[in-house]
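Novice:
Residue numbers (the numbering used here), protein chains in the order written: chain A, 1 to 226; chain B, 1001 to 1241.
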């Protein structure tokens, strides 16, 4: 009798993470409203200057996605205990499959997060419309998968440490820079009707690179978490 | 004479040579004497990139070979890289004030990416301090050493990706417009800073090895319950009774 395949294991882990989220409702009930509050507070901090607010709106959306997206990607590290990890080892779960499953779950939750906050940003900030805006949907997807990869990697690196809650954001925020640059540059290129190839390629390259590193190092991180 | 002294003396000699070339090189028509900051700023940035590249290679080698020397090299190189990154940022800001009119320019992608690269590697050092177990510390920081390297090419290429105030890639261009004497002064300082890096690496890895030995000794002492005051029960005698 053989166990589930690599993708079967990844699916089970992903579903498990989504079930945990479904029961706790942390992203839906806490993180998304928290992100919405941040989007409301920013214009109050920079002054009621409508053209300025419209100009900074897209950038603020990416920053809020990045900073609050971290909370989405770290949430499973709070529920995972040493016993939980050891049980995974005893079950013979492939660490790379666990990584893929966690990334997939975080990706879906981040998409939900972006799906709520993007329309809210448009309503609140009223940014200037850009031609070719459907490209931004691809950027949203790439941003979500990139953040899910970085967050899952950072969770693995800091899992079980006492300083995890402060250390993980310190690692994720600067590491997300290529994503932020890629996303903001795509928006700027669309606004100026110039080529979007370079920022999109940057996003794709970063996502592919992180996925390869994450899968290849999953076994080592799993060993180092016991 | 031991290796550290030879490297230290070599570093002093090559730094003196670099300073000489830097002081003799012609000045930029617009920037005047401020041009000379370049002979510290550019080598510092180069050393920062080199340090993090060494960390990347040593991290991969630790994960594949499991020899503690690679972990020592990775950690030492990050410590030195963080120092040179800070130096590159500071000299950049000092240079930027008279030339751009501000210490920090938000339109400069190179400054921004370098600053964030600095913070990721500060996080690397913080991570190491949070993990007492040497093998766990080495493995987790090795993974971070690999992931963090993403920011190094991004910082270097940022002047191409983003429209920025910072000067574009100059020396590495095939049609480099740089003056021969300025290039000589720049390369001699890059060489001198590289010898300084090797000296720091030699010292830092020696210190790291000493710290590991101390940790091992402390662990051996801690393994004895209540130090030497209490000894383990002699079970042989108990059995005899």
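We put the CB at the ideal spot given by N, CA and C, even for glycine. Quick caveat, the model's predicted, so the values are computed rather than measured.
Please state whether DSSP places residue 17 of chain A in a helix, a strand or coil.
Specialist: Three-state result, residue 17 of chain A: helix.
Novice: Could you tell me which chain A residues have their CB closer than 7 Å to the CB of residue 1120 of chain B, listed as they occur along the chain?
Specialist: Simply 171, 174 and 175.
Novice: Report the neighbours of residue 1009 of chain B on chain A: residues whose CB is nearer than 9 Å to its CB, in chain order.
Specialist: Going along chain A, no residue has its Cβ under 9 Å from residue 1009 of chain B, so there is no contact; the nearest lies around 38 Å.
Novice: Name, in chain order, the residues that DSSP records as bridge partners for residue 1032 of chain B.
Specialist: For residue 1032 of chain B, which the question treats as bridged, DSSP gives the partners B/1028.
Novice: Please confirm if residue 1051 of chain B has its CB atom under 8 Å from at least one CB of chain A.
Specialist: No, because no Cβ of chain A sits closer than 8 Å to the Cβ of residue 1051 of chain B.
Novice: Please list, in chain order, all residues of the same chain as residue 60 of chain A whose beta carbon is under 6 Å from its beta carbon, the five residues on each side excluded.
Specialist: Taken in chain order, the residues that qualify are 42.
Novice: Please report the distance separating the alpha-carbon of residue 115 of chain A from that of residue 33 of chain A.
Specialist: Whole-angstrom Cα-Cα distance: 13 Å.
Novice: Among A/169, A/13 and A/142, which has the Cα closest to the Cα of residue 209 of chain A?
Specialist: Here the closest residue by C-alpha is A/142.
Novice: Compute the Euclidean distance between the alpha carbons of residue 1061 of chain B and residue 1109 of chain B, then round it to the nearest angstrom.
Specialist: Roughly 32 Å between the two C-alpha positions.
Novice: Looking only at its own chain, which residues have a Cβ that is under 7 Å from the Cβ of residue 28 of chain A, when we skip the five neighbours before and after it?
Specialist: Within the same chain, residue 28 of chain A has no close Cβ partners at all.
Novice: According to the neighbour-count rule (16 or more other Cβ atoms, all chains shown, within 10 Å of its Cβ), is residue 87 of chain A buried or exposed?
Specialist: Exposed, because fewer than 16 other Cβ atoms sit within 10 Å of the Cβ of residue 87 of chain A.
Novice: Find the residues of chain A that neighbour residue 1150 of chain B, judging by a C-beta separation of less than 8 Å, and give them in chain order.
Specialist: What residue 1150 of chain B touches in chain A: 175, 178, 206, 209 and 210.
Novice: Using beta-carbon positions only, say whether residue 39 of chain A and residue 140 of chain A come within less than 8 Å of one another.
Specialist: For residue 39 of chain A and residue 140 of chain A, no; Cβs fall outside 8 Å.
Novice: Count the other CB atoms within 10 Å of the CB of residue 1218 of chain B; is the residue buried (16 or more) or exposed (fewer)?
Specialist: By the 10 Å Cβ count, residue 1218 of chain B comes out exposed.
Novice: With 16 other CB atoms within 10 Å as the buried threshold, where does residue 94 of chain A fall?
Specialist: That one is buried.
Novice: Can you pull out the residues from the stretch 1124 to 1143 of chain B whose beta carbon lies closer than 9 Å to at least one beta carbon of chain A?
Specialist: So the close ones are 1124, 1126, 1127, 1129, 1130, 1131, 1133, 1135, 1136, 1137, 1138, 1139, 1140, 1141, 1142 and 1143.
Novice: Whole angstroms is fine: what's the gap from residue 4 of chain A's alpha carbon to residue 1141 of chain B's?
Specialist: Those two C-alpha atoms are separated by around 32 Å.
Novice: Leaving out five residues on either side along the sequence, give the residues of the same chain with a beta carbon under 6 Å from the beta carbon of residue 1193 of chain B.
Specialist: Contacts found: 1043 and 1047.
Novice: Pick helix, strand or coil for residue 187 of chain A, following the three-state DSSP scheme.
Specialist: Helix, per DSSP.
Novice: Expressed to the nearest angstrom, what Euclidean distance is found between the alpha-carbon atoms of residue 1030 of chain B and residue 1045 of chain B?
Specialist: When rounded, the distance between both Cα atoms is 23 Å.
Novice: If you draw a straight line from the C-alpha of residue 157 of chain A to the C-alpha of residue 1128 of chain B, how long is it?
Specialist: The straight-line gap from Cα to Cα measures roughly 11 Å.
Novice: Quick one: list the residues of chain E neighbouring residue 1146 of chain B, beta-carbon separation under 8 Å, in chain order.
Specialist: Looking at the structure shown, chain E is missing, and the protein chains on hand are A and B.
Novice: How is residue 130 of chain A classed by DSSP in three states: helix, strand or coil?
Specialist: Residue 130 of chain A falls in the coil class under three-state DSSP.
Novice: Report all residues from its chain with a CB closer than 6 Å to the CB of residue 145 of chain A; omit the five preceding and five following residues, and keep chain order.
Specialist: Counting only Cβ-Cβ distances below 6 Å, and skipping sequence neighbours, we find 107 and 207.
Novice: Mind pulling the chain B residues with CB within less than 9 Å of residue 157 of chain A?
Specialist: By Cβ distance, chain B contributes 1127, 1140, 1141, 1143, 1144 and 1147.
Novice: In angstroms with no decimal places, state the Cα-to-Cα distance between residue 1033 of chain B and residue 1027 of chain B.
Specialist: Roughly 6 Å separates the two Cα atoms.
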